[in-house]
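Student: Adding 528 to a residue's 1-based position in the sequence shown gives its number in our numbering. In this text, a Cβ means the ideal position worked out from N, Cα and C, and glycines have one as well. Remember, predicted model here, so these are calculated numbers, not experimental data. Let me give you the structure first, and then I'll get to my questions.
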Amino acid sequence: MTIDLHMHSTCSDGTFTPAGLVREAKAAGLTHMALTDHDTVEGVAGAREEARRQGIAFLSGLEISAEYQPGTMHILGYGFDETSAPLLERLTSVQRWRDERNPKIVEKLNRLGVVLTLPEVEAVSGGGLVGRPHFAKVLMDKGYVKTRQEAFDRYLAKGGPAYVDKARLSPEESIALIRAAGGVAVLAHPLQLQAADEEALQAIVQALAKAGLQGLECHYRNHAPEDTRRFLALAKSNGLLVTGGSDFHGTNRPGIRLGVGEGTLQVPMECWSALERAASARN
Ligand SMILES: [Zn+2]
Ligand SMILES: [Zn+2]
529 MTIDLHMHST CSDGTFTPAG LVREAKAAGL THMALTDHDT VEGVAGAREE ARRQGIAFLS
589 GLEISAEYQP GTMHILGYGF DETSAPLLER LTSVQRWRDE RNPKIVEKLN RLGVVLTLPE
649 VEAVSGGGLV GRPHFAKVLM DKGYVKTRQE AFDRYLAKGG PAYVDKARLS PEESIALIRA
709 AGGVAVLAHP LQLQAADEEA LQAIVQALAK AGLQGLECHY RNHAPEDTRR FLALAKSNGL
769 LVTGGSDFHG TNRPGIRLGV GEGTLQVPME CWSALERAAS ARN
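Next up, the structure:
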């Protein structure tokens, strides 16, 4: 039995299509899996169908980027109904905010006297997702700034004159959406929260648990054994179930393999049964 509950397809920033990813999973010897694309459930149905063909047990999944400072807070959802209208509506509006962000940055820069268009910035991104580093590159190329750092300091940094906030769902709403769709809400890779210390981490997890969080991703590709132990204790003291996965992104993140992550990951079978139980209890 090999379990992996965290992976991405071309529907977000992975390099395998949902069905292709399932075939990779089969080749890697996985027996249980969940697809967890960023802020979308587009790939779930296709992956499930292929998983059925390949004889792999499958759970619906997604990974919501929640509003949080100073690090990254990702909330995983499992075992929900991916046709849930409120979930789909909210994910669509998140997508729309993202699409609107870059034109807004262009607008702000134009108003500041910078002559630049979105197609110019898109050309620099090489067809991938467009972000602030690409704006910085164009500002440099056009001679408005000398360095990337200057582009951020003068225009693009958070709070700067050309900054546009990345709209994200709050952690509470992310959890509520997943649960309302019949799913289980889990805090992903707690190290990425960059909590100041153990006490701060405990406080964050407690607040999320109060908001309905049901699980903690204790087994993760780059967790040292002491991290895993620490997070298992944290899950236990907050009454949270335990999950784990590789966060496989295909060739976008070389060195990470399905099921085993950087080589030492091993997700216990109990993670699967606990998730299934929690999901079928329909909250
Ligand atoms: Zn993540
Ligand atoms: Zn991920």
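On the DSSP letters alone, give me the boundaries of the beta strand (DSSP E) that F586 sits inside.
Tutor: By 1-based counting over the sequence shown, the position of residue 586 is 58. First-last of the beta strand (DSSP E) with F586: A585 to L587.
Student: Considering E798, what are the terminal residues of the alpha helix (DSSP H) in which it resides?
Tutor: Here residue 798 is taken as the residue at index 270 of the sequence shown, counted from 1. Note, E798: alpha helix (DSSP H), M797 to S808.
Student: Which of helix, strand or coil does DSSP assign to I603?
Tutor: Taking the first residue of the sequence shown as 1, we reach residue 603 at position 75. If DSSP states are grouped into helix, strand and coil, I603 belongs with the strands.
Student: On the three-state DSSP scale, how would you describe G574?
Tutor: Translated into positions along the sequence shown, residue 574 becomes position 46. In the structure shown, G574 sits in a helix (DSSP, three-state: H, G or I).
Student: Residues around ligand 2, please: the ones whose beta-carbon is closer than 7 angstroms to some heavy atom of it, in chain order.
Tutor: H534, H536, T564, H566, E591, H602, A716 and D775
Student: In three-state terms, what does DSSP make of F608?
Tutor: Locating residue 608 in the sequence shown gives position 80, counting from the first residue. Three-state DSSP puts F608 in coil, outside helix and strand.
Student: With DSSP collapsed to three states, give me the class of V658.
Tutor: The residue given as residue 658 occupies position 130 in the sequence shown. Here V658 sits in coil by DSSP.
Student: Excluding five sequence neighbours on each side, which residues of the same chain lie with their C-beta closer than 6 angstroms to the C-beta of G688?
Tutor: Working through the sequence shown from its first residue, we reach residue 688 at position 160. Excluding sequence neighbours, G688 sits near nothing in its chain.
Student: Between the alpha carbons of R696 and G605, how many angstroms are there, rounded?
Tutor: Translated into the one-based positions of the sequence shown, residue 696 becomes position 168. Translated into the one-based positions of the sequence shown, residue 605 becomes position 77. Taking the straight line from one Cα to the other gives about 16 angstroms.
Student: Going by beta carbon distance, what residues of the same chain come within less than 8 angstroms of M529, once the five residues before and after it are set aside?
Tutor: Residue numbering aside, residue 529 sits at position 1 when the sequence shown is read from its first letter. So the qualifying residues of the chain are T559, H560 and M797.
Student: Classify V658: buried if its beta carbon has 16 or more other beta carbons within 10 angstroms, exposed otherwise.
Tutor: The residue labelled residue 658 in the question sits at position 130 within the sequence shown. Result: buried.
Student: To the nearest angstrom, how far is the alpha carbon of G548 from that of V770?
Tutor: Stepping through the sequence shown from its first residue, residue 548 is reached at position 20. Stepping through the sequence shown from its first residue, residue 770 is reached at position 242. Cα to Cα, the separation comes out at about 27 angstroms.
Student: Contact defined as beta carbons within less than 8 angstroms: I believe G791 pairs with M535. What is the distance between those atoms, to the nearest angstrom?
Tutor: In the sequence shown, counting from the first residue as 1, residue 791 sits at position 263. In the sequence shown, counting from the first residue as 1, residue 535 sits at position 7. Rounded, the Cβ-Cβ distance is 16 angstroms, inconsistent with contact.
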